[in-house]
Amino acid sequence: MFRAKYVQQLRERKITDKLLIESLFQKEWVVYAKRPFGGPKQVIEYLGRYTHKVAISNHRLQEVTDMDVAFSYKDYREQGIHKTMRLSHREFVRRFAQHILPLRFVRIRHYGILSSTWKRGKLQALQSELKVKRPESKAKTLLRKCPCCKTGTMITIEVFGRRGPPEKYFMAKQTVPVN
Numbered sequence: 488m489f490r491a492k493y494v495q496q497l498r499e500r501k502i503t504d505k506l507l508i509e510s511l512f513q514k515e516w517v518v519y520a521k522r523p524f525g526g527p528k529q530v531i532e533y534l535g536r537y538t539h540k541v542a543i544s545n546h547r548l549q550e551v552t553d554m555d556v557a558f559s560y561k562d563y564r565e566q567g568i569h570k571t572m573r574l575s576h577r578e579f580v581r582r583f584a585q586h587i588l589p590l591r592f593v594r595i596r597h598y599g600i601l602s603s604t605w606k607r608g609k610l611q612a613l614q615s616e617l618k619v620k621r622p623e624s625k626a627k628t629l630l631r632k633c634p635c636c637k638t639g640t641m642i643t644i645e646v647f648g649r650r651g652p653p654e655k656y657f658m659a660k661q662t663v664p665v666n
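Throughout, this note's numbering is defined as the position within the sequence shown, counted from one, plus 487.
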């Protein structure tokens, strides 16, 4: 039903690429979508905790002795108060290893138009056919208090919208003659 409604909307928008529409029917669609409990912001925060971090960060490790490992954790059964847990080395490693994914598994996988193959060209072609205009990011000067001293004012000079520094900061490649 979801696929049929999706294709109907494509046709209403005058998408005429028969190859695209036929490819949508080549595989079975499994759609599981429900409203997030707190809204999009909470979903992003939830996913962020699990997608780009290790099982336990170094700052939570409190003590490692010859017998055991002590680390802090939040007990959500008791209103999120911080507690300390001690585990034997063997048990700590066992629990840590449960968070290691098997070979070729990834934490988040995108399907359909968000898959990596679509991101390399097909998505841009579809966006241009649909006349989707991407919002231009406007550089704005942000003022906020210094997080360390809480008195000084920090001025944001540049906000990076994608990974890595802007291209204007790259040094021109220099070729060195080889003798």
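Ideal placement from N, C-alpha and C gives every residue a C-beta, glycine not left out.
Problem set entry | V556 classed as buried or exposed, judged by whether at least 16 other C-beta atoms fall within 10 angstroms | buried
Problem set entry | Rounded straight-line distance, which links the Cα of D553 to that of K528 | 43 Å
Exercise. Just the Cα atoms here: how many angstroms apart are H546 and S603?
Worked result: 34 Å
Exercise. Would the region 607-617 and the region 500-512 be scored as touching if the rule is three or more Cβ pairs under 8 Å?
Worked result: yes
Problem set entry | Among R490, V541, K561, nearest to I587 - alpha-carbon criterion | V541
For this session: Determine the direct distance from the alpha carbon of A612 to that of L511, and round the result to whole angstroms.
Result: 16 Å
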